[in-house]
Structures are given as structure tokens and as C-alpha cells.
Amino acid sequence: MSVRLTLFYDATCPLCVREMRSLQSHDTEKYIKLVDIFSPEFAAYPEIDPKAASDRLHAYDADGNLLLGLDVTHRAWSLVGKPYLYAFTRWPIMKTLCDWAYLKFAKNRYHISGWLTGKKRCERCRLE
Numbered sequence: 002m003s004v005r006l007t008l009f010y011d012a013t014c015p016l017c018v019r020e021m022r023s024l025q026s027h028d029t030e031k032y033i034k035l036v037d038i039f040s041p042e043f044a045a046y047p048e049i050d051p052k053a054a055s056d057r058l059h060a061y062d063a064d065g066n067l068l069l070g071l072d073v074t075h076r077a078w079s080l081v082g083k084p085y086l087y088a089f090t091r092w093p094i095m096k097t098l099c100d101w102a103y104l105k106f107a108k109n110r111y112h113i114s115g116w117l118t119g120k121k122r123c124e125r126c127r128l129e
């Protein structure tokens, strides 16, 4: 199948990798290409600022449009047949609050990961 979303993620974040593993396990059609922002493969995308990609999820859709933050998450889960998981985050009445909360989460993801998993960072978490 053809890639419909190229998603850039942080493979040093245990929570991020856990989410990508789950996403990958549901992506039976292989619609999503995952790119670790700390891998050599990321160099193929020089137009994406590494700091910005670390601060907030970035992705390209099939048309080359750049998606950010929860728009990425919602699109990814929609592609694997589970749009309902994040649909509420895109509702007009919730979008502003959810985007604010997401940015706070993203900024503090290593601390939150430490609380939830016992591990703040990993050298290179594995998707396999």
C-alpha cells in the first residue's frame, strides 16, 4: 500500500515509542511511515526543524501538507480505523483546550514518562 502519512516522532521517549508501537500494530495496510527525529533517516527532511519536531509532532500527509500536534495524532489513528480515539480533540469546543494540554504534555513528556513507566528516556527505544 502507499504511504498516506509520514510521522516524525521521538524514539528516546518511552511514552512516544509506546504510542508508535500501538499505532504500528494497528496499521495493517502500512499507511504510516514512522521516522525517528534522532535517526539518520530524518536528515532526508531538512525542511523540518529538529527542535520544532521535538516540541510537537510533525507529519506530512499524502499530499505533502504539514500537520502538527494533535492533528497528526488524530490523522494517524483515523488511518488505522480508530478515529474515535482522538476525535474529541478536534471538536471546535475542545480543540483549543486539547491543543494547550498537548503542548504542556509534549514539553514535559520525559518527566511524565518517568512517572508512568519508571524510565524518563531510553537511548533508542525499539519499535520492533
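Residues in the sequence shown are numbered from 2 upward in steps of one, following our numbering. Cβ coordinates follow ideal geometry from the N, Cα and C atoms, glycine included. Everything numeric in this text was worked out from a predicted model, so none of it was measured.
Check                                                                                                                                                          : Outcome
Can you tell me whether D50 is buried or exposed? The criterion is at least 16 other CB atoms within 10 Å of its CB, across all chains shown.                  : exposed
Taking just the CA atoms, how far does L8 sit from G119?                                                                                                       : 26 Å
Closer than 6 Å by C-beta to K121: which residues in its own chain qualify, once you throw out the five before and the five after it? Chain order, please.     : Y111, S114 and G115
I need the DSSP call for T7, collapsed to helix, strand or coil.                                                                                               : strand
Count the other CB atoms, across all protein chains shown, that sit within 10 Å of the CB of I94; report buried if there are 16 or more and exposed otherwise. : exposed
Taking the alpha-carbon positions, what's the R57 to M21 distance?                                                                                             : 15 Å
With a 10 Å radius around its C-beta and 16 neighbouring C-beta atoms as the bar for buried, classify A54 as buried or exposed.                                : buried
Using a Cβ-Cβ cut-off of 8 Å (strictly less than) and excluding sequence neighbours within five positions of D62, which residues of its own chain qualify?     : R5, L6, L68 and R76
Of all the alpha helix (DSSP H) runs that stay within the bounds of the stretch 65-122, which reach a length of 4 or more residues?                            : 71-80, 93-108 and 110-118
To the nearest angstrom, how far is it from the Cα of S3 to the Cα of S26?                                                                                     : 17 Å
With DSSP run on the structure shown, which of helix, strand or coil describes D37?                                                                            : strand
Would you mind stating whether T74 and Y87 have Cβ atoms separated by less than 7 Å?                                                                           : yes
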